[in-house]
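Asker: Sharing a structure, written as structure tokens. Questions coming.
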Amino acid sequence: MGDIILSQGKSARKTVFVLNGPNLNLLGMREPEIYGSDTLDDIAGRLEDQAQEMGLEVDIRQSNHEGHLVDWLHEAAAEEALAVILNAGAFTHTSIALYDAILAIDVPVIEVHISNPAAREEFRHKSLIAPVAKGTICGFGALSYELALDAARKL
2 MGDIILSQGK
12 SARKTVFVLN
22 GPNLNLLGMR
32 EPEIYGSDTL
42 DDIAGRLEDQ
52 AQEMGLEVDI
62 RQSNHEGHLV
72 DWLHEAAAEE
82 ALAVILNAGA
92 FTHTSIALYD
102 AILAIDVPVI
112 EVHISNPAAR
122 EEFRHKSLIA
132 PVAKGTICGF
142 GALSYELALD
152 AARKL
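Add 1 to a position in the sequence shown, counting from 1, and you land on the number used in our numbering.
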């Protein structure tokens, strides 16, 4: 399956990139007892509505490939995005490339997770993203994204 670009905004400093990593294209089907029944399209629709109410635009994307997430972080900086909301999925715990990409850009990154990684398997407890993110929102299900968008607006 290829990358998914659910929506794109174009206004510099009013756009929030929402980047989703591996397996998030399976939301709604994959382990609903952990991730809930909302699909990525459901989440995207709510974020688009919320952003419109805030006078913002969202550029929502998903990829199972680490390098695409790195490229999109660079693109967010080049387009002078207001912020990036990043759910790196399993790359959260392994990706030095994402860590370095976040350090390389001058755009605040908000780490987001649907579940609470600290309440799950031990290998999920360490985030390589958290030390370079502006903040982390996790454990509130799909609402975590909406909370992150509200935080991004207030940065």
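Even for Gly, the Cβ is constructed at its ideal location relative to N, Cα and C.
1. Between G136 and the rest of its own chain, which residues show a CB-CB distance below 8 Å, the 5 nearest in sequence each way excluded?
2. Which value, in whole angstroms, describes the spacing of the CA atoms of A149 and A134?
3. What residues match up with T137 in a beta bridge as DSSP calls it?
4. By alpha-carbon positions, which one of I35, E76, T40 ends up nearest to T16?
5. Identify every residue that forms a DSSP beta bridge with V71.
6. Quick one: grab the DSSP three-state call for I35.
7. How about T1 and L28: are their beta carbons less than 7 Å apart?
8. For E34, tell me which candidate among N117, E123, S128, L129 has the shortest Cα-Cα distance.
9. With which residues is L87 paired in a DSSP beta bridge?
10. Can the beta-carbon of N65 be found closer than 7 Å to that of P23?
11. Give the C-beta separation of A91 and V71 to the nearest angstrom, bearing in mind that I take them to be a contact with Cβ-Cβ under 8 Å.
12. Which value, in whole angstroms, describes the spacing of the CA atoms of L129 and F18?
13. Report buried or exposed for R62, applying the criterion of at least 16 other Cβ atoms within 10 angstroms of its Cβ.
14. What separation, rounded to the nearest whole angstrom, lies between the Cα atoms of H114 and T93?
15. Can you tell me where the alpha helix (DSSP H) holding R154 begins and where it ends?
16. What's the C-alpha gap between L25 and A143?
Answerer: With the structure as the only source:
1. If you ignore the 5 residues before and after G136, its C-beta comes within less than 8 Å of the C-beta of I111, E112, A152, all in its own chain and listed in chain order.
2. Taking the straight line from one Cα to the other gives about 12 Å.
3. T137 is bridged by DSSP to E112.
4. Looking at the Cα atoms, E76 is the closest of the given residues.
5. BP columns for V71 are empty, so no partner.
6. Secondary structure of I35 (DSSP, three-state): helix.
7. Residue 1 is absent from the model: the chain starts at 2 and stops at 156.
8. Of the candidates N117, E123, S128, L129, the one whose C-alpha sits nearest the C-alpha of E34 is N117.
9. DSSP lists L20, E112 as partners of L87.
10. A Cβ-Cβ contact shorter than 7 Å links N65 with P23.
11. In this structure, A91 and V71 do not form a Cβ contact; the two beta carbons are roughly 15 Å apart against a cut-off of 8 Å.
12. Spanning the two alpha carbons is a distance of roughly 20 Å.
13. It is buried - the Cβ of R62 has at least 16 other Cβ atoms within 10 Å.
14. Straight-line Cα distance between these residues: approximately 10 Å.
15. Element bounds for R154: 144-154.
16. Annotation: L25 to A143 spans about 12 Å, alpha carbon to alpha carbon.
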